[in-house]
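S.K.: Take 17 as the starting number for the sequence shown in my numbering and just add one per residue. C-beta atoms are modelled at their ideal positions from N, C-alpha and C, and glycine is treated no differently.
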Amino acid sequence: LLLAQCQGSGAWGAASGPHFLQLEQIGGQLSASLLHSHDTGTRATMNMALAGELIAAGQDASCHILRFRLPGPEEPGGAEKGPRKRKGPSPSEEGEGDTRSEPGEVAVETLCSVQTDFSPDALQKAVRISADHSLLATGGADGFLRVWEVGAGPGGSGAHPSGLLLGGQGPVSA
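(1) Looking only at its chain, what residues have a beta carbon closer than 6 angstroms to the beta carbon of T58, apart from the 5 residues adjacent to it on each side?
(2) Can you say whether P136 is buried or exposed, counting buried as having 16 or more other CB atoms within 10 angstroms of its CB?
(3) Could you have a look at V122 and say whether DSSP puts it in helix, strand or coil?
(4) Under 7 angstroms from any heavy atom of the ligand HEM, does the C-beta of V143 make it?
(5) Could you check if Q45 is buried or exposed, using at least 16 other CB atoms within 10 Å of its CB as the buried criterion?
(6) Whose CA, out of C79, Q41 and E165, lies closest to the CA of D148?
(7) Excluding sequence positions up to five away, which residues of its chain have a Cβ less than 7 angstroms from the Cβ of S78?
(8) On the CB-based measure, 16 or more other CB atoms within 10 Å of its CB, does F84 come out buried or exposed?
(9) Per DSSP, what are the beta-bridge partners of M64 in this structure?
(10) From what residue to what residue does the beta strand (DSSP E) around L151 run?
(11) Roughly how many angstroms separate the alpha carbons of L161 and G155, rounded to a whole number?
(12) On the DSSP letters alone, give me the boundaries of the beta strand (DSSP E) that F84 sits inside.
(13) Spatial neighbours of L82 within its chain, please: C-beta separation below 6 angstroms, excluding the five flanking residues on both sides.
(14) Grouping DSSP H, G and I as helix and E and B as strand, with all else coil, what is P34?
(15) On the DSSP bridge list, what partners appear for F134?
(16) What does the alpha-carbon distance come out to for the pair Q75 and E69?
(17) Please report how far the alpha carbon of H52 lies from the alpha carbon of L39, in whole angstroms.
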């Protein structure tokens, strides 16, 4: 599985957002087929980190925490091999933050977002998730490195940055 970012543009109709691709070797050639795309509307994802089923996506001045689920072998399409045909979105399916998936496809949900840069030209420049998935580090154009504790959401419904543990000032780059 490969996670890639598409920089869409309204001018040519492509949606912005992470794309999930399946890599496989067919006849000695490496081939990628689109499994799922997650539309982020006008927010371009400039940096991402992946840990387990969590994705931290830097979009403008904030970090969006997403959770994805791959189909299991017992689900329809979960054990299929080779390219599969996909239907395009209908006008009612298009929109910011939408997730398109058919049974047996990747499912993506937005858990939360947190503002990570507070400068006049706010932009999150980097994001990382710790190996144990408990900490989220972000760096922005305001020069601050922020480390967030990632914990269970309200009612145990997911992950969310629950507090700023550390802040430091200085140049930040990916």
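M.R.: Taking the geometry as given:
(1) Taking the sequence shown and counting its residues from 1, the one referred to as residue 58 is at position 42. Closer than 6 angstroms at Cβ, skipping near neighbours: no residue.
(2) In the sequence shown, counting from the first residue as 1, residue 136 sits at position 120. So P136 ends up on the exposed side.
(3) Your numbering for residue 122 matches position 106 in the sequence shown. The answer is coil: DSSP assigns V122 none of H, G, I, E or B.
(4) The ligand content of the structure shown is nil, which means the ligand HEM is not present either.
(5) The count along the sequence shown starts at 1 and reaches residue 45 at position 29. By the neighbour-count rule (16 or more Cβ atoms within 10 Å), Q45 is not buried but exposed.
(6) In the sequence shown, residue 148 corresponds to position 132, counting from 1. It is E165.
(7) Numbered from its first residue, the sequence shown carries residue 78 at position 62. Answer for S78: S129, V130, Q131, T132 and Q140, listed in chain order.
(8) In the sequence shown, residue 84 corresponds to position 68, counting from 1. Buried, since its Cβ has 16 or more Cβ neighbours within 10 Å.
(9) Walking along the sequence shown from the start, residue 64 turns up at place 48. In the DSSP output, where bridge partners are listed per residue, M64 has A73.
(10) Sequence index remark: in the sequence shown, residue 151 carries index 135 (1-based). L151 to G156 is the span of the beta strand (DSSP E), which, as asked, contains L151.
(11) Taking the first residue of the sequence shown as position 1, residue 161 is located at position 145. Taking the first residue of the sequence shown as position 1, residue 155 is located at position 139. Cα to Cα, the separation comes out at about 5 angstroms.
(12) On the sequence shown, position 68 is the one that residue 84 refers to. Start and end: S78 to R85.
(13) Sequence index remark: in the sequence shown, residue 82 carries index 66 (1-based). Answer for L82: I71, V124 and T126, listed in chain order.
(14) By one-based count along the sequence shown, residue 34 stands at place 18. In this structure, P34 counts as strand in the three-state DSSP scheme.
(15) The count along the sequence shown starts at 1 and reaches residue 134 at position 118. Paired residue(s): none; F134 is not in a bridge.
(16) For the purposes of this step, residue 75 is taken as the residue at position 59 of the sequence shown. For the purposes of this step, residue 69 is taken as the residue at position 53 of the sequence shown. Each residue's Cα considered, the two are about 19 angstroms apart.
(17) On the sequence shown, residue 52 is found 36 positions in, with the first residue counted as 1. On the sequence shown, residue 39 is found 23 positions in, with the first residue counted as 1. When rounded, the distance between both Cα atoms is 13 angstroms.
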